[in-house]
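Asks: One structure coming up, written as structure tokens, with questions to follow.
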Amino acid sequence: MTIQDARGLVLSGADAATAERFETALAEFQCYVGNPVGTIEAALQARPDFVLGHALRGYLYGSSVEGPGLAEARASLAAARGLPATDRERQHVAALEAMATGHFDDAERQWEALLVAYPRDVLALQIAHLFDFLRGDARNLRDRVARRLHAWSKADPGYHAVVGMHAFGLEEMGEYDRAEARGREAVALNARDGWGYHAVAHVLEMRNQPEEGVAWLASSSDRWAPDSFFRVHNWWHLALYHLELDQLDNVLALYDGPIRGERSAVALDLIDASAMLWRLLLRGHDVGDRWRELADAWTGAIEDGVYAFNDVHALMAFVGAGDRARIEQQLATLKRSAQSDTNPDNRAMARGVGVPVGEALIAFGQGRYADAVDRLQHLRPIAHRFGGSHAQRDVLDLTLIEAARRAGDRNLLAALASERAVCRPRSPLAGRYLTQALAA
Ligand SMILES: [Fe+2]
């Protein structure tokens with residue numbers, strides 16, 4: 520008997536129990552809760568010939584874009600190769616191969632070809648959406664989802680996640696009203712949809728509505744935080760609102776609590792910690808030995824060199840800690856990535872954005888502010904090429920404006936303060952920059 524998933528797609532090598540476990544793992548992945556790796560590994564233990572299970576396991580590990588995660592993805596690839604598979608499943612294996620070997624662009628092409636033929640393949644959509652995010656591809660964050668909507672209805676299992684992904688894509692494309700409505704729709708469909716809460720959080724960040732942002736995330740944390748492997752990032756968004764409101768005690772309480780309290784060694788979590796401490800550094804706050812702790816946590820990945828966005832955030836921690844040796848080591852990794860023969864997408868990210876941003880952060884840390892300005896000023900329009908969201912890359916804008924202020928570049932400070940105050944009319948920080956610029 521042919522076994523199918525809940526959307527009518529064939530699952531080779533599966534029995535009914537395996538299909539049920541696959542749905543559970545998929546549902547966990549779609550909400551970023553539970554332990555989808557453990558769930559799918561249990562399924563694979565029972566049915567080692569379940570080819571799509573290997574693909575899901577590989578995707579889950581590979582989407583960490585950490586060296587060890589990509590190695591696990593290659594192990595899944597080896598297990599999947601040669602198993603009986605449908606055409607669709609073979610396309611998944613080919614995409615997994617591209618992803619696991621650092622050919623992210625090729626992987627995206629595979630997923631897109633697959634999705635044109637099988638628009639209800641929500642696993643392909645979910646992993647492609649994550650890599651659109653990791654590659655800073657705003658257009659596809661929105662439209663790769665939109666191209667699938669013709670095949671979906673509210674009654675389909677997992678529809679909430681499609682809506683939540685669409686919400687985030689709309690937000691990254693600046694369609695804030697539609698994005699907010701879609702994000703709220705996603706969490707109304709499934710109260711545990713962490714990506715849906717996150718999409719609305721981004722809207723409130725970009726619209727500069729920090730009070731509304733605090734209300735949104737703080738009032739719903741009992742739904743998005745428990746058992747979520749994405750929770751640190753949503754806590755970080757909550758801390759960002761508090762920072763925008765100059766509520767430093769709340770920021771540090773969140774940092775020491777849900778953001779960093781568990782001392783996670785996962786890059787996804789470390790990025791948020793670096794990004795928050797760097798914002799505090801720009802504001803001149805002494806964060807005590809938090810930099811040292813964070814730098815130590817990043818050190819295990821210092822030679823990783825598989826994703827420049829991670830490496831730049833690691834570098835922030837080493838600059839913050841004032842650790843010359845590790846700064847040099849991390850910069851060398853970025854430069855090596857920029858010349859790599861084996862990972863073409865990260866090579867482009869490192870070469871175009873990672874290395875110059877890294878050098879700018881080092882310059883800032885060493886008090887060479889005019890140098891930091893020179894390196895950052897013309898980089899902002901292309902910074903999306905190394906991935907992340909607008910809200911994450913705002914750290915570059917913040918570094919540039921503070922570097923301009925410290926360099927005594929009054930005209931540039933006035934220009935950048937004007938830009939920021941127009942974008943964020945209620946921001947005390949933007950107001951302070953503008954006041955200072957005009958006084959000068
Ligand atoms: Fe975010």
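Per the working numbering, the sequence shown starts with residue 520, numbered consecutively.
Cβ atoms here follow ideal geometry from the backbone N, Cα and C, with glycine treated the same way.
1) Using a strict less-than 7 Å threshold between each residue's beta carbon and the heavy atoms of ligand 1, what residues do you get?
2) Could you tell me which whole alpha helix (DSSP H) segments of length 4 or greater appear in the stretch 714 to 770?
3) Enumerated in chain order, which unbroken segments of the alpha helix (DSSP H) with a length of 4 residues or greater are wholly contained in the stretch 550 to 581?
4) Is the beta carbon of Gly839 closer than 7 Å to that of Leu880?
5) Around the Cβ of Met520, are there at least 16 other Cβ atoms within 10 angstroms (buried) or fewer (exposed)?
6) Give me the Cβ distance between Asp624 and Asp864, rounded to the nearest whole Å; I'm assuming they're in contact under 8 Å.
7) Cα-Cα, which of Asp746, Phe748 and Trp754 is closest to Ala720?
8) What are the partner residues of Val529, as DSSP defines its beta bridges?
9) Tell me which same chain residues have a C-beta within less than 6 Å of the C-beta of Tyr580, skipping the five on either side of it?
10) With Tyr888 as the anchor, note down where its alpha helix (DSSP H) starts and where it stops.
11) Kindly indicate which residue of Phe650, Ala744 and Ser946 has the alpha-carbon position closest to the one of Trp630.
12) Let's test the definition: count the other Cβ atoms within 10 Å of the Cβ of Gly532 and tell me whether it reaches 16, buried, or not, exposed.
13) Alpha carbon to alpha carbon, what distance is there between Leu644 and His685?
14) Take the Cβ of Ser738 as the centre, count every other Cβ of all protein chains shown within 10 Å, and call the residue buried at 16 or more, exposed below.
15) What are the start and end residues of each continuous alpha helix (DSSP H) run of 4 or more residues lying completely inside the stretch 625 to 658, in chain order?
16) Taking the beta carbon of Asn829 as the centre, do at least 16 other beta carbons fall within 10 Å, making it buried, or is it exposed?
17) Is DSSP giving Thr852 helix, strand or coil here?
18) Could you check where the alpha helix (DSSP H) with Arg802 kicks off and where it finishes?
19) What is the rounded straight-line gap between the Cα of Thr537 and the Cα of Val556?
20) Going by C-alpha to C-alpha distance, which of Leu773, Val785, Ala744 and Ser582 sits closest to Ala758?
21) In terms of residues, what are the limits of the alpha helix (DSSP H) holding Thr818?
22) According to the neighbour-count rule (16 or more other Cβ atoms, all chains shown, within 10 Å of its Cβ), is Ile646 buried or exposed?
23) Shortest alpha-carbon distance to Thr918 belongs to which of Gly732, Asp640 and Asp893?
24) Quick test of your reading: Ser747 and Val941, contact by CB under 8 Å. State the CB separation rounded to the nearest angstrom.
25) Distance, Cα to Cα, Tyr695 vs Gly871?
26) Where does the unbroken alpha helix (DSSP H) through Tyr497 begin, and where does it stop?
27) Cβ atoms of Arg904 and Leu915: under 7 Å apart, would you say?
28) Gly950 to Arg939, Cα distance in whole Å?
29) Between the alpha carbons of Arg639 and Gln610, how many angstroms are there, rounded?
Replies: From the atom records:
1) Result: His717, Ala720, His721, His752, His756, Ser908, Ala910 and Gln911.
2) Counting whole runs of 4 or more residues, the stretch 714 to 770 contains the alpha helix (DSSP H) stretches 729 to 743 and 750 to 763.
3) 555 to 565 and 570 to 581
4) Not a contact, by the Cβ cut-off of 7 Å.
5) exposed
6) 5 Å
7) The residue among Asp746, Phe748 and Trp754 with its C-alpha nearest the C-alpha of Ala720 is Trp754.
8) Gln523
9) Gly588, Glu591 and Ala592
10) According to the DSSP assignment, Tyr888 belongs to the alpha helix (DSSP H) that extends over Tyr888 to Gln896.
11) Phe650
12) Its Cβ being crowded by 16 or more others within 10 Å, Gly532 is buried.
13) 11 Å
14) exposed
15) 641 to 653
16) buried
17) In the three-state reduction of the DSSP assignment, Thr852 falls in the helix class.
18) Counting along the chain, Arg802 falls outside any alpha helix (DSSP H), and DSSP gives it neither H nor E.
19) 14 Å
20) Considering only alpha carbons, the answer is Leu773.
21) Taken as a continuous stretch (DSSP letters only), Thr818 belongs to no alpha helix (DSSP H), as it is neither H nor E.
22) buried
23) Asp893
24) Contact doesn't hold; Cβ gap of about 35 Å is too wide.
25) Near 29 Å, if we compare the C-alpha coordinates of Gly871 and Tyr695.
26) Given a span of 520 to 959 for the chain in the structure shown, any question on residue 497 remains unanswerable.
27) No. Outside cutoff.
28) 9 Å
29) Rounded to whole angstroms, Arg639 to Gln610 spans 15 Å at the Cα level.
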